[in-house]
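*Asks:*
In my numbering, the protein residues as written are 533 to 1169.
#1: In or out: residue 556 buried (at least 16 other Cβ within 10 Å) or exposed?
#2: Mind listing, in chain order, the continuous alpha helix (DSSP H) runs of no fewer than 4 residues lying wholly within the stretch 926-978?
#3: Within 10 angstroms of the Cβ of residue 996, are there 16 or more other Cβ atoms? Answer buried if so, exposed if not.
#4: Whole angstroms is fine: what's the gap from residue 882's alpha carbon to residue 1027's?
#5: Report the rounded CA-to-CA distance for residue 623 versus residue 868, giving the unit in angstroms.
#6: Report back the beta-carbon spacing between residue 668 and residue 621 to the nearest angstrom; my notes put them in contact at under 8 Å.
#7: Which of helix, strand or coil does DSSP assign to residue 1141?
#8: Using the Cβ count rule (16 or more neighbours within 10 Å means buried), how would you classify residue 631?
#9: Just checking residue 995 against the ligand ATP - is the residue's beta carbon closer than 6 Å to any of the ligand's heavy atoms?
#10: Round the Cβ separation of residue 895 and residue 880 to the nearest angstrom and send it over; I've been treating them as touching at under 8 Å.
#11: In chain order, what residues of the same chain lie with their CB nearer than 7 Å to the CB of residue 1106, ignoring the 5 residues before and after it?
#12: Which runs of the alpha helix (DSSP H) fall wholly inside the stretch 710-798 and span at least 4 residues, in chain order?
#13: Round the Cβ separation of residue 1045 and residue 1057 to the nearest angstrom and send it over; I've been treating them as touching at under 8 Å.
#14: Evaluate contact between the stretch 700-720 and the stretch 656-675, counting only Cβ atoms and requiring at least three cross-stretch pairs below 8 Å.
#15: Would the stretch 674-691 count as touching the stretch 742-750 if we require 3 or more Cβ pairs under 8 Å?
#16: Within its chain, find whatever has a CB closer than 7 Å to the CB of residue 793; leave out the 5 residues flanking it on each side and keep chain order.
#17: Per DSSP, residue 640 is paired with what?
#18: Taking DSSP's pairing of strands, which residues face residue 687 in a bridge?
#19: Residue range of the alpha helix (DSSP H) that residue 1183 falls in?
#20: Around the Cβ of residue 969, are there at least 16 other Cβ atoms within 10 angstroms (buried) or fewer (exposed)?
#21: In whole angstroms, what is the alpha-carbon distance linking residue 872 and residue 594?
#22: Is it true that the CB of residue 832 sits closer than 7 Å to the CB of residue 906?
#23: Among the residues of its own chain, which have a CB less than 6 Å from the CB of residue 1162, if the five just before and after it don't count?
#24: Could you check the C-alpha separation between residue 861 and residue 917 for me, to the nearest Å?
#25: Suppose you measure from the CA of residue 932 to the CA of residue 704; what does that come to, to the nearest Å?
#26: With DSSP run on the structure shown, which of helix, strand or coil describes residue 996?
#27: Based on the DSSP output, what are the partners of residue 647 in its beta bridges?
#28: Take the Cβ of residue 823 as the centre, count every other Cβ of all protein chains shown within 10 Å, and call the residue buried at 16 or more, exposed below.
#29: With 16 as the cutoff for other CB atoms within 10 Å, does residue 1141 come out buried or exposed?
Rendered as structure tokens:
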């Protein structure tokens, strides 16, 4: 009989706490130490200070517009203006400025006496409020003085009244003195500070110009819409003060902005004032530009200004004056400089007008700075603006420009090549335009011919001494050739002089190319011959190559043009010597095409780069043959 089954014994297992069992949710982990690997050249996020400054500037501009809108609405656009308005605005501005400056001083003395960027903005806002307060407090004092019986500030046509009263022009001096003292006081305060004060310096510099701009309204009304001595002295003084302060900021950009805007102030005043009923009053505001130009020129020569910045600024400085010269002619404005007026000049009124005074003033004022290579666009601008003058008034500028051109191009050692090149191009272009637009020949006989021959002599001498580039010489000669004095003038001598000049020049260029053996000179000489032939053919087409003493022979020969035959024979004999070295038209055309192709890259899909598949070598360039030479085709034509 089988035995009863026995339950197997349970094996002994060591009881392990749940918290220590592997895989348990309660299993504890020993934190392992972390090892940090430094990242090479890692730079953490930085604050964009420039963006913050730009945001502050935008907010300041919005607040400034709102503040000015409120001030102007209270001061000028209310139904009536009384002393109470001036009192509120004056004290409000002064108190606001005092609070801003006091806040900066309190924080500066607690934080190491160093002005931070935000403090600079607060100082600028404080300076703005101080200007508002001083102007309106001065206006209040003027009203109080007039009410007390001070006749200096009372105009005969505007007796004292409590509302909407306007003082006499002498009151401008009071606000001028207050503004000058304020600006100098602000500058004295800024000089004591250390740190970021650029914005405060900018506001201090622009404050005089802001006062000048405010004068568009009240100051013109006080002076009865006439540019009086009081208004003229104030405009010149505040503009000069602004440029002087801008120079002291040691910031070339601020000076450039202030200098250019100061030149615009007389133009803006000329548009703003309306001297009705005053004979010869037009041009009084624009005449003040002569003094501002003198100040600009004196400060532009200062060595503290960066040369490269002044070079770019000179474009705008000269451009503003050129616009003023054009405006004088367009609006028929008069010269009004105190006792020097158009009415007092007599027969010189048409010769020495406001255009001439501005042009000569720029030449004198900017000349020292030009010698320091700071105003390179002065000679270019003055030469290019000669066509803006009337025929009668252009005589003096043309004589001065023609006399100064040899100094600029030949004598001066500081003149850069590109300045000389563009000055010659500008004066020839001005001669070309004026010969059709405002011909000098309508007032003075043979004056155009003398100027043309003088420029030709200067250009030729400069070419022989390598003072000008071939490009500028060719452009200048082309401009002179296409002028009315050459193509449609009455003198037969000028076309012949021009033709023989360009032929002799082409001959000398070809001779120089043969001596040097350089390919570039052969190309230049051949182009010169081509241009000479084209110009000669044009003169022939306009019947300008005529000799009066050969007219009888032409009639005898049944219309055969003996003059043209002489020119053709002279050209052929002169250039026959260079028949083997002259490049034909086909070669010049193919060379130009090859040079143009070499300047245009092509994208290569295989290498994913821009390449130039065209060869720059001139060995494979072919021409049409010796019969296609310009010196042969020109006489045949």
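Even for Gly, the Cβ is constructed at its ideal location relative to N, Cα and C. Here the structure is a predicted model, which means the values were calculated and not measured.
*Replies:* This is what the structure holds:
#1: In this predicted model, residue 556 has a pLDDT of only 48, less than 50, meaning its place in the structure is not dependable; the value taken from the coordinates is given anyway. By the neighbour-count definition (other C-beta atoms within 10 Å, threshold 16), residue 556 is an exposed residue.
#2: 927-938 and 949-969
#3: exposed
#4: 31 Å
#5: 39 Å
#6: 4 Å
#7: DSSP, reduced to helix, strand and coil, places residue 1141 within a strand of the structure shown.
#8: exposed
#9: Absence of the ligand ATP is noted for the structure shown, with no ligands found whatsoever.
#10: So it is not a contact: roughly 19 Å between Cβ atoms.
#11: 1035 and 1039
#12: 730-746, 750-754 and 761-780
#13: 4 Å
#14: yes
#15: no
#16: 741
#17: In the DSSP output, where bridge partners are listed per residue, residue 640 has none listed.
#18: 690
#19: Any property of residue 1183 remains undetermined from this structure, which presents the chain solely from 533 to 1169.
#20: exposed
#21: Using only the alpha carbons, I get a separation of about 45 Å.
#22: yes
#23: 1061, 1062 and 1065
#24: 12 Å
#25: For residue 932 and residue 704, the distance between alpha carbons rounds to 39 Å.
#26: Residue 996 falls in the helix class under three-state DSSP.
#27: 727
#28: Buried.
#29: exposed
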